[in-house]
Amino acid sequence: MRAVDAEGLRRANLIDATPIGANVRSTVATYSGVLDDLRRIFSQTTDAKTYGLKAGDFSYNTGSLRCPTCDGTGQISLDVQFLPDVGIPCPDCAGSRYAPLAWNVKRHTLRTSTGEKGDYVSLPELMAMTVDQALSRLQRLKKVAAKLQILHTLGLGYLTLGEATPALSGGEAQRLKLASEIGRRQDDVLFVFDEPTIGLHPLDVEVLIGVLQDLVENGATVVVIEHDLDMIANADWVIDMGPGGGEEGGRIVCAGVPEDVAACPESVTGRYLAEEL
Ligand SMILES: [Zn+2]
2 MRAVDAEGLR RANLIDATPI GANVRSTVAT YSGVLDDLRR IFSQTTDAKT YGLKAGDFSY
62 NTGSLRCPTC DGTGQISLDV QFLPDVGIPC PDCAGSRYAP LAWNVKRHTL RTSTGEKGDY
122 VSLPELMAMT VDQALSRLQR LKKVAAKLQI LHTLGLGYLT LGEATPALSG GEAQRLKLAS
182 EIGRRQDDVL FVFDEPTIGL HPLDVEVLIG VLQDLVENGA TVVVIEHDLD MIANADWVID
242 MGPGGGEEGG RIVCAGVPED VAACPESVTG RYLAEEL
């Protein structure tokens, strides 16, 4: 086990389940950085040159291709008398955030994995696709594909690129925050996770454990507050807090490798952990 050595740490990163922003302009595509890459890629198409469009024009926040009705938010607020305003999908762009011209700028895609012939897609069409759908279309675009692959690995392949991040569940938000940390050296970083397995399917828990293992292999120190036995069984070091919950807890019952905790007669967690091991 690697001791937590505060001297070597330069950054502590709390990855919790609080929502990502309250801003409806933040989407999976902007938060993951995929949209920045796509804007550049689309600005290089023949169509973009025909219309005189630059990368900045493809931003739904500030670009000329944003829907003028909703100003790129995808929503308009309905003024209901005597009631608070109600947000509804923008009738002009159907929530896509883009003006009609954006659909006319298309890029050829190739599915290298299947050898299938590609087709043409526009940026708004991509934004309506799930991460997994976009990944199969954009295999050839290495930088974008790498970012989408990380989202897929984190179990977020079913989210659409245009999904507003404030609407994500706590577990989804937590994993999306993690996406930007994957694939980097993490020697001087401490990560603290607050119950990352909440709401996850057991198969996704395995995926998450693999992701945390990757962080450790990249040099990070990972502290996880967790009840999930699979997660606990995979830890290098376990600190069992208890003996009960809430006011009954707060003391260290035992600490050690998972086998030590499983063998500890005072530990309730240990009893269940023994079965898991
Ligand atoms: Zn609109």
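Residue numbering for the sequence shown follows my numbering, starting at 2 and increasing by one per position. Glycine included, every Cβ here is placed at the ideal spot set by N, Cα and C. Note that the structure is predicted; figures quoted are calculated from it, not measured.
Reference residue i; option with closest CA among the options
i	options	result
Pro266	Asn24, Pro244, Thr74, Ile77	Pro244
Asp205	Gln187, Leu191, Met232	Met232
Asp195	Ala18, Ala100, Pro90	Ala18
Gly34	Val269, Lys144, Ser170, Ile21	Lys144
His202	Gly172, Tyr52, Ala234	Gly172
Leu36	Leu149, Glu227, Thr198	Leu149
Ala174	Gln214, Thr51, Ile21, Arg11	Ile21
Leu152	Ala165, Gly163, Ala135, Ala180	Ala180
CB of residue i within 8 Å of CB of residue j, strictly
i	j	result
Ala256	Ala275	no
Ala56	Arg67	no
Gly156	Val225	no
Thr161	Thr131	yes
Coil, strand or helix - residue i by DSSP
i	result
Arg185	coil
Ala256	strand
Thr161	strand
Ala18	coil
Arg40	helix
Ile210	helix
Tyr61	coil
Ser27	coil
Ser137	helix
Arg98	coil
Pro125	helix
Ser55	The sequence shown places Lys at residue 55, rather than the Ser named in the question. Of the three classes helix, strand and coil, the one that applies to Lys55 here is coil, per DSSP.
Pro1	A query on residue 1 cannot be resolved here, the shown segment of the chain reaching from 2 to 278 and no further.
Leu204	helix
Gly250	coil
Bridge partners - residue i, DSSP secondary structure assignment
i	result
Ala13	Leu191
Ile233	DSSP output for Ile233 lists no bridge partner at all.
Original post:
Within the structure, which residues are defined as neighbours of ligand 1 by a Cβ-heavy atom distance below 5 Å, reported in chain order?
Top reply: Cys68, Thr70, Cys71, Cys91, Asp93, Cys94
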